[in-house]
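K.L.:
In my numbering, the protein residues as written are 157 to 289.
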């Protein structure tokens, strides 16, 4: 599975990478530090991730702006997008659906807790993708 993480915080990126190494599913990770760099990569014809994680609070282009631009890329129409954030206080299922987001993952205090969340999420994505193919 190819995963793309858009997050401006190096520590959060490292934490996410460590969690991916603990998964039972093999996941390769590409990263971008901001929405502008992410869009440059995503607009290339030869790169299509299986899932995209976006941090909301980033400089230059915040996660919502980045999400809106990703939604304009036809090749990524069916790629699941997950908000990766420190807060879950302001997300409702209807808000996320309206923005075209599959869900959100709250940044966890431990790698083991992030592993549990990611395992469940990736299994759901794999099952959904299997039925779509």
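For glycine and all other residues, C-beta sits at the position ideal for the given N, C-alpha and C.
Can the beta-carbon of residue 198 be found less than 8 Å from the beta-carbon of residue 232?
P.N.:
To locate residue 198, count along the chain shown from 1; it is residue 42. To locate residue 232, count along the chain shown from 1; it is residue 76. Cβ distance < 8 Å, so residue 198 and residue 232 count as in contact.
K.L.:
Which whole runs of the beta strand (DSSP E) in the segment 179 to 257 are 3 residues long or more, in chain order?
P.N.:
If we require 3 residues or more, the beta strand (DSSP E) runs fully inside the segment 179 to 257 come out as 184 to 188, 207 to 210, 237 to 241.
K.L.:
Considering Cα atoms alone, identify which of 216, 247, 179 is closest to residue 277.
P.N.:
Here residue 277 refers to the residue found at position 121 when the chain shown is read from its first residue. Closest by alpha carbon: 179.
K.L.:
One question on the structure: do residue 257 and residue 239 come within less than 8 Å of each other, judged by their Cβ atoms?
P.N.:
Mapped onto the chain shown, residue 257 falls at position 101. Mapped onto the chain shown, residue 239 falls at position 83. Yes, the pair counts as a contact, with Cβ atoms nearer than the cut-off.
K.L.:
So is residue 164 buried or exposed if we call it buried at 16+ other beta carbons inside 10 Å?
P.N.:
Within the chain shown, the letter at position 8 stands for residue 164. The residue in question, residue 164, is buried, as its Cβ has 16 or more Cβ neighbours within 10 Å.
K.L.:
Excluding the five sequence neighbours on either side, which residues of its own chain have a C-beta within less than 8 Å of the C-beta of residue 221, listed in chain order?
P.N.:
If you number the chain shown from 1, residue 221 lands on position 65. Here the set comprises 191.
K.L.:
Quick check on the burial criterion: 16 or more other C-beta atoms within 10 angstroms. Buried or exposed for residue 224?
P.N.:
One-based indexing of the chain shown puts residue 224 at position 68. Flag for residue 224 reads exposed.
K.L.:
Less than 8 Å between the CB atoms is what I'm expecting for residue 186 and residue 205, so what's the real figure, rounded?
P.N.:
On the chain shown, residue 186 is found 30 positions in, with the first residue counted as 1. On the chain shown, residue 205 is found 49 positions in, with the first residue counted as 1. Yes, they are in contact, since the Cβ atoms of residue 186 and residue 205 sit about 7 Å apart, within 8 Å.
K.L.:
Could you tell me whether the Cβ atoms of residue 235 and residue 261 are closer together than 8 Å?
P.N.:
Locating residue 235 in the chain shown gives position 79, counting from the first residue. Locating residue 261 in the chain shown gives position 105, counting from the first residue. Going by C-beta atoms, residue 235 is not nearer than 8 Å to residue 261.
K.L.:
As a quick exercise: from 226, 182, 172, 218, pick the residue whose alpha carbon is nearest that of residue 282.
P.N.:
Mapped onto the chain shown, residue 282 falls at position 126. For the residues 226, 182, 172, 218, the minimum Cα distance to residue 282 belongs to 182.
K.L.:
CB residue 241 to CB residue 263, shorter than 8 Å?
P.N.:
Taking the first residue of the chain shown as position 1, residue 241 is located at position 85. Taking the first residue of the chain shown as position 1, residue 263 is located at position 107. Yes. Within cutoff.
K.L.:
I believe residue 237 touches residue 267 by the beta-carbon criterion, under 8 Å. Please report the beta-carbon distance rounded to the nearest angstrom.
P.N.:
Locating residue 237 in the chain shown gives position 81, counting from the first residue. Locating residue 267 in the chain shown gives position 111, counting from the first residue. Contact flag wrong, Cβ pair sits at about 23 Å.
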